[in-house]
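Sequences listed follow chains P and G, in order. In terms of this note's numbering, the first sequence opens at residue 2 and continues consecutively. In terms of this note's numbering, the second sequence opens at residue 2 and continues consecutively. Think of the CB as a built atom: it goes at the ideal place given N, C-alpha and C, for glycine as much as any other residue. Okay, structure first, notes after.
2 protein chains.
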Amino acid sequence: MTLRARLVVDWGTSNFRCYRFAADGTVAQTHQAAAGILGVADRDFAAVLQREIGAWITPDMDIFLSGMITSRNGWIETPYVEAPARLADLAKAAVVVEAENGVNMHFLPGVAMHSPTPDVMRGEEIQVFGVVGEHETATVILPGTHSKWVAVRDGALQRFSSFMTGEVFGVLKTHSILGRLMVDAPSDNDGQAFLDGVRQVSRNETVGLLHDIFTTRSGVLLGQLDAQDSAGRLSGLLIGHEIRDGLAAYPVTGRLLIVGDAFLAQRYRLALAEFGIEAELGSPLASVDGFSRLSALNR
Amino acid sequence: MTLRARLVVDWGTSNFRCYRFAADGTVAQTHQAAAGILGVADRDFAAVLQREIGAWITPDMDIFLSGMITSRNGWIETPYVEAPARLADLAKAAVVVEAENGVNMHFLPGVAMHSPTPDVMRGEEIQVFGVVGEHETATVILPGTHSKWVAVRDGALQRFSSFMTGEVFGVLKTHSILGRLMVDAPSDNDGQAFLDGVRQVSRNETVGLLHDIFTTRSGVLLGQLDAQDSAGRLSGLLIGHEIRDGLAAYPVTGRLLIVGDAFLAQRYRLALAEFGIEAELGSPLASVDGFSRLSALNR
């Protein structure tokens, strides 16, 4: 049996990323463009795929697509697989479209939980499967706009929760009264201000999130906080609350891995240390590793 | 000694309200206008006062002013009185300006707390002193954009905490991804959706606020929540979290009073009942009663 050539496409709201795998399973070539699904004219996704990586498409190839390209606003809407889910469940639930010249396009599913509370992810699951071992039990944190906390048991994605931490920070800074005292230029003291915010939570000097965030304004009005530190403090308070609630719902068993943007991952690692928890940074190539494992299942 | 005539002006960001007291201490006349400090041209507050209630100003009168008119962006910036504070402390700390014809203008102070966390209020304290007895021990909740929980002990405003509940609801609805699924027309089921959100917290079906709010979107995506109920659910979740955290920081001793807008006050009363707590609605004239007590101190 001839091995089929493989491309994987991580196609999100704002970005398009493609990885071409060599026959030995390593990444041979990568391509990245600001060609997210929101910017695709007339929903002509085929044209954008051709423009960005047409030269890499060869006959009898598999193309795996994941991220918001598989959502309602994407190319093909795929269903959600219910957690607990293994990598093989994702592969099985993919919607396969046969294109010209024997090219198969695999649109991957998202993952959903219906109880105890509803939750969804689309794309992060590939990163999770990229950083955990085939039978590993671990907790994975993916910080960001909608941070995810994921419990993995014996290699299966057992359950997860989203936290709107990044988006809440953004809307409060841009649209609430808290932003009026914030300074655009980043403070030299920003890292310390961030940790002070985390500690306000880890040391339980908190009356609850909806109160604590207000102290980034009242503290400035009363001369207890520099205006230039209030954005960092707010970030620390929000991430501190995410971590406090995340640790309560996801008691750490096995490794605790942080996967994502390097700056943010490092901030989470320092914040977790304030709660007495040691975490490792996962590979920045988590999604590539996940795609590699996934596409290998189909051989 | 002749009793001096009295006016009180509650002058906030968006609204101007004035009450003229009769000699017997009752309210003889009221005037309200959308003439908040944000809309005053060239900071000419004297002109607006003259336009709105000039006909009521008589020689040898006292005018008491409270609210954002005493803030940095107002007419005269007054200092904060530190909690614990009695009504007499507010009267003493007022900045008195002598105007023409023996008219004295009393610009009232705000109230501040420096520890355990910084907090400020400007205007709500008058409402608190309007609803509690001279030596009463009670808890007062003032729901709103920045809700306040206030502990009163033996008639003194002992300590308080602000919660950004109303503003967070507004920015999430208008500016976050949660608002995209929300329907403008109020749902017939809005009251039930609100209580469902409160119960998600009171029954402890919560992974923390930053997660819970995301379920108003993921619930719709997974068919567990009607889009038209998601705004009500979000409001219930946020107020549920405020109440859970408020009750932890302000254990109820004596009466629990809710003071504010009738619709919102009733919602808080129903929400508190979900936590097994009975509350009374304070007088809608709380601020008038507070001003009345305060101005009587100066006689």
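Here DSSP, grouped into helix, strand and coil, assigns residue 171 (chain G) to helix. Look at residue 214 (chain G): its C-beta is under 8 Å from a C-beta on chain P.
Listed along the chain, the chain P residues whose CB falls inside 9 Å of the CB of residue 223 (chain G) are 81, 113, 114, 115, 119, 120 and 121.
Annotated three-state conformation of residue 234 (chain G) is helix, per DSSP. In this structure, the alpha-carbon of residue 124 (chain G) lies about 32 Å from that of residue 240 (chain P). Shown here, residue 53 (chain P) sits in a helix according to DSSP, grouped into three states. Around the beta carbon of residue 136 (chain G), fewer than 16 other beta carbons lie within 10 angstroms, which makes this residue exposed. By the Cβ-count criterion, residue 119 (chain P) is buried, with 16 or more other Cβ atoms from all chains shown falling within 10 Å of its own Cβ. In the DSSP assignment, residue 106 (chain G) forms a beta bridge with G:64 and G:98. Per DSSP, reduced to three states, the secondary structure at residue 69 (chain P) is helical. Taken in chain order, the whole alpha helix (DSSP H) runs of length 4 or more contained in the region 171 to 230 of chain P are 191 to 203, 210 to 213 and 216 to 222. For residue 241 (chain G), not one C-beta of chain P is nearer than 8 Å to its own C-beta. By the Cβ criterion, the region 148 to 157 of chain G is not in contact with the region 168 to 177 of chain G, since fewer than three pairs of Cβ atoms, one from each stretch, lie closer than 8 Å.
In terms of CA proximity to residue 201 (chain P), P:215 leads the group P:163, P:189 and P:215.
Counting only residues of its own chain and dropping the five nearest sequence neighbours on each side, residue 16 (chain G) has a CB closer than 8 Å to the CB of 33, 34, 35, 36 and 37. A distance of 8 Å or more separates the beta carbons of residue 213 (chain P) and residue 209 (chain G).
Inclusion of residue 296 (chain P) and residue 44 (chain P) in the CB contact set at 8 Å is not warranted, their separation being larger than that value. Following the DSSP letters along the chain, one finds residue 258 (chain P) in no alpha helix (DSSP H) but inside the beta strand (DSSP E) bounded by residues 256 to 259.
Chain order gives no chain P residues near residue 232 (chain G), where near means a beta carbon separation below 7 Å; the closest approach is about 16 Å. The beta carbon of residue 163 (chain G) sits closer than 6 Å to the beta carbons of 120, 147 and 149 from its chain, once the five residues preceding and following it are set aside; these are given in chain order. Against residue 71 (chain P), chain G offers no close residue; the least beta-carbon distance is about 13 Å (beta-carbon pairs closer than 9 Å). In the displayed model, residue 251 (chain P) falls within coil according to three-state DSSP, outside both helix and strand. Only those residues of the region 150 to 173 of chain G whose C-beta falls short of 8 Å from the nearest C-beta of chain P are listed: 162, 163, 164, 165, 166, 168, 169, 172 and 173. With at least 16 other beta carbons inside 10 angstroms of its own, residue 166 (chain G) counts as buried. Note that the C-beta distance between residue 183 (chain P) and residue 236 (chain P) is not below 8 Å.
Membership of residue 263 (chain P) in the alpha helix (DSSP H) is indicated by the continuous run 263 to 275. By the criterion of a C-beta distance shorter than 6 Å, residue 68 (chain G) is surrounded in its chain by 11, 12, 13 and 124, once the five residues flanking it on both sides are discounted. Under DSSP, residue 132 (chain G) takes part in no beta bridge, so it has no partner.
Two segments are said to touch when three or more pairs of C-beta atoms, one from each, lie closer than 8 Å; by this definition the region 50 to 63 of chain G touches the region 101 to 108 of chain G.
The DSSP-derived three-state label of residue 11 (chain G) is strand. Classified as exposed, residue 97 (chain G) has fewer than 16 neighbouring CB atoms from the shown chains inside 10 Å of its CB.
Three or more Cβ pairs closer than 8 Å define a contact, and the region 253 to 269 of chain G meets that threshold against the region 279 to 288 of chain G. In chain order, 117 and 118 make up the part of chain G whose C-beta sits under 9 Å from the C-beta of residue 206 (chain P).
The beta carbon of residue 220 (chain G) is closer than 6 Å to those of 226 in its chain, skipping five residues each way along the sequence.
If you draw a straight line from the Cα of residue 95 (chain G) to the Cα of residue 199 (chain P), it comes to about 38 Å.
Taking the Cβ atoms as the reference, residue 115 (chain P) lies roughly 11 Å from residue 222 (chain G), outside the contact range of under 8 Å.
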